[in-house]
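Protein chains in written order, with the working numbering: chain A, 128 to 430; chain B, 27 to 264. Data block below; observations after.
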Ligand SMILES: Nc1ncnc2c1ncn2[C@@H]1O[C@H](COP(=O)(O)OP(=O)(O)O)[C@@H](O)[C@H]1O
Ligand SMILES: [Mg+2]
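Structure, rendered in structure tokens:
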């Protein structure tokens, strides 16, 4: 049995190699399919994560009018604190704000902002406020907006709604694209294996003539499919890791948003990719040989 | 025709068998015949007469349009698709074009037939050399088919057909691609195998063979059995 498995794998690698172009095409399409699936999964996980973060902070930022003097801002702050539903209210001066931004951008990019300090600072004073009772969110925000000097409150409920929509969009579009690509991969894999099958017509014919069961005839082609799938799974998860790291690297510096670290879920994704890949490969192999064997008992070619 | 009796020794029984291919060709018409265990039968007839169709019906490669075929105790109409492989394990097939796998050695070609029906490596290692000895090819075990003469290649084909100890050998023009001189060698081997109890059905065009090995001869013409006798030569020479 172990001898047989080794033999089958060796034969599978050999036929993938001797049919390189088609095998490469199969692997390419399957990798793309897996990459898109992975991207959709990571994207949706990141959005969920962001949504949780937004909902979890239970705090809003209140921006004052642009050129309001600091004293007026602090006075408004006192009024905010007097409201019922306020748990905490922290003043963030415009100088602190610009400094925070510069810090987050890092040394290099912050030089862009170095002229924006002092009286040239474009940012307003602000308050970081958290609520006692989130369900009274809307009322409290309305009350805050009535206070003199308050310009705007950044509304997380709005962001949350946008995120939810984005999440839904990514999930549906992702689903259809992945479904379409899955069918394409199946088609290409089964055609790739059909090439092997025709190059092995004689062998299959001999197998049928000496009484090999269809199951036995099928195995090498399914193994070939699984190998294609495993290679695609490995390549796909590696590529996804590289791309994600690269992308989140640049994204972080642009959006100040902390993406999910892929490290924790890397092995899950790899496992998923290997499983999905080998499943598709096996299916592709089974489809192509199944069509071929459909005839009565299995044909013995040219006899 | 019809000189043979029913008996316990019966291996193959055709009862009113007709075969019409899907394109309308009537390849066999109402064939009735019996072959007993241990017989050696030549099947002769012109090209397109229906000889191969006759053999294909026995191997379940094709199914009859009408009539019943019994092989051993088994009615072939009752053999399901999935059981065809197990039926074929009791038959050895030999083809005109040898059908050897070029990238495999002689040994591997023969072992392959055991391997694909799930024999253990131990059984394969024990049985293959024995069968290669039987067809006098021990020395060529590690050769590839292209290094062998036609006669030697067909002996490999014969070894492969024998490897799983079939009750029946089905040979469709096994000497068709071999020098006439070497054809006798192949039929000699088949005779030898027949002596050990294996039934042989062999299609051939070569009258010299049929004449030399005086055996039962079934002649098919236009899909019907026109002659079936042990003294076919006597009839044709006169
Ligand atoms: N698969 C097939 N489909 C249609 N016609 C066939 C098929 N196989 C054989 N025939 C026809 O059936 C007839 C008998 O063929 P065959 O049994 O191969 O003859 P033989 O072996 O005696 O030369 C021929 O006319 C041949 O053309
Ligand atoms: Mg023929």
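Glycine included, C-beta positions come from ideal geometry on N, C-alpha and C. Source: prediction; values computed, not measured.
- prompt: In the structure shown, what three-state DSSP assignment does residue 175 (chain B) receive?
  reply: If DSSP states are grouped into helix, strand and coil, residue 175 (chain B) belongs with coil.
query: Any beta-carbon of chain B closer than 8 Å to the one on residue 348 (chain A)?
result: no
Contacting positions in the segment 336-347 of chain A - beta carbon closer than 7 Å to chain C: No chain C appears in this structure, whose protein chains are A and B.
task: Note down, in chain order, each residue of its chain lying with its Cβ closer than 7 Å to the Cβ of residue 192 (chain A), except the 5 sequence neighbours on either side.
output: 251, 276, 278
- prompt: What is the DSSP secondary structure of residue 310 (chain A), reduced to helix, strand or coil?
  reply: Residue 310 (chain A) falls in the helix class under three-state DSSP.
- prompt: Is it the case that the CB of residue 429 (chain A) approaches a heavy atom of ligand 2 more closely than 7 Å?
  reply: No, the beta carbon of residue 429 (chain A) sits no closer than 7 Å to any heavy atom of ligand 2.
message: Whole angstroms are fine: how far does the CA of residue 225 (chain A) sit from the CA of residue 243 (chain A)?
response: 8 Å
- prompt: From which residue to which residue does the alpha helix (DSSP H) around residue 258 (chain A) run?
  reply: Run containing residue 258 (chain A): none in the alpha helix (DSSP H); it sits in the beta strand (DSSP E), 253-258.
- prompt: Going along chain A in order, which residues have a C-beta closer than 8 Å to the C-beta of residue 78 (chain B)?
  reply: 430
- prompt: Should the segment 40-57 of chain B be regarded as contacting the segment 211-229 of chain B, the criterion being three or more beta carbon pairs within less than 8 Å?
  reply: no
query: So which residues on chain B does residue 332 (chain A) lean against when the C-beta distance must stay under 8 Å?
result: The contacting residues are 125.
- prompt: How would you write the range of the alpha helix (DSSP H) that residue 46 (chain B) sits in, first residue to last?
  reply: Note, residue 46 (chain B): premise wrong, no alpha helix (DSSP H); beta strand (DSSP E) at 36-46.
Distance between residue 215 (chain A) and residue 245 (chain A) (C-alpha atoms, nearest Å): 28 Å
field: Cβ pair residue 265 (chain B), residue 193 (chain B) closer than 8 Å
entry: Beyond the ends of chain B as shown, which are 27 and 264, falls residue 265 (chain B); an answer cannot be given.
message: According to DSSP, is residue 400 (chain A) part of a helix, a strand, or is it coil?
response: In this structure, residue 400 (chain A) counts as helix in the three-state DSSP scheme.
Extent of the continuous beta strand (DSSP E) run through residue 58 (chain B): 52-62
query: DSSP state of residue 195 (chain A), grouped into three classes?
result: coil
Residue 73 (chain B) to residue 106 (chain B) span [Cα, whole Å]: 31 Å
- prompt: Which ranges does the alpha helix (DSSP H) cover as unbroken runs of at least 4 residues, wholly within the segment 119-196 of chain B, from first to last along the chain?
  reply: Counting only runs of 4 or more, we get 132-141, 147-160, 176-188.
Whole runs of the alpha helix (DSSP H) within the segment 273-297 of chain A, excluding any shorter than 4 residues: none
- prompt: How long is the line joining the alpha carbons of residue 41 (chain B) and residue 76 (chain B), rounded to whole angstroms?
  reply: 16 Å
query: Rounded to a whole number of angstroms, what is the C-alpha to C-alpha distance between residue 257 (chain A) and residue 188 (chain A)?
result: Annotation: residue 257 (chain A) to residue 188 (chain A) spans about 9 Å, alpha carbon to alpha carbon.
field: CA-to-CA distance, residue 271 (chain A) to residue 406 (chain A), given in whole angstroms
entry: 57 Å
field: Of the residues A:389, A:263, A:308, the one placed nearest residue 212 (chain A), counting alpha carbons only
entry: Measuring from the Cα of residue 212 (chain A), the nearest candidate turns out to be A:263.
task: Please name the residue in A:352, A:418, A:358, A:363 whose C-alpha comes closest to that of residue 410 (chain A).
output: A:352
message: Quick check on residue 387 (chain A) - is its C-beta less than 8 Å from some C-beta in chain B?
response: no
task: Consider the C-beta atom of residue 198 (chain B) and the heavy atoms of ligand 2; say whether any pair is separated by less than 7 Å.
output: Yes, ligand 2 has a heavy atom inside 7 Å of this Cβ.
Around ligand 1, Cβ to any heavy atom closer than 5 Å, ordered along the chain: B:47, B:49, B:51, B:53, B:73, B:74, B:75, B:76, B:77, B:78, B:79
message: By the 7 Å beta-carbon criterion, what residues does the segment 106-124 of chain B contribute toward chain A?
response: Answer set for the segment 106-124 of chain B: 107, 110, 111, 112, 114, 115, 119, 121.
- request: Could you confirm whether any beta carbon from chain A is found closer than 8 Å to the beta carbon of residue 185 (chain B)?
  value: no
Whole-angstrom distance between residue 253 (chain A) and residue 195 (chain A), CA atom to CA atom: Whole-angstrom Cα-Cα distance: 11 Å.
- request: For residue 158 (chain A), collect the residues of the same chain with a Cβ closer than 8 Å to its Cβ; drop the 5 residues on either side in sequence, then sort them by chain order.
  value: 359, 362, 363, 366
Assigned exposure category for residue 180 (chain B) - 16 Cβ within 10 Å defines buried: It is buried - the Cβ of residue 180 (chain B) has at least 16 other Cβ atoms within 10 Å.
field: Partners in chain A for residue 198 (chain B), counting only beta-carbon separations shorter than 9 Å
entry: 430
field: Validate contact between the segment 89-105 of chain B and the segment 323-336 of chain A using beta carbons, cut 8 Å, 3 pairs
entry: No, because fewer than three Cβ pairs between the segment 89-105 of chain B and the segment 323-336 of chain A fall closer than 8 Å, the two stretches do not touch.
task: Would you mind sorting residue 403 (chain A) into buried or exposed? The rule is 16 or more other CB atoms within 10 Å of its CB.
output: Buried, since its Cβ has 16 or more Cβ neighbours within 10 Å.
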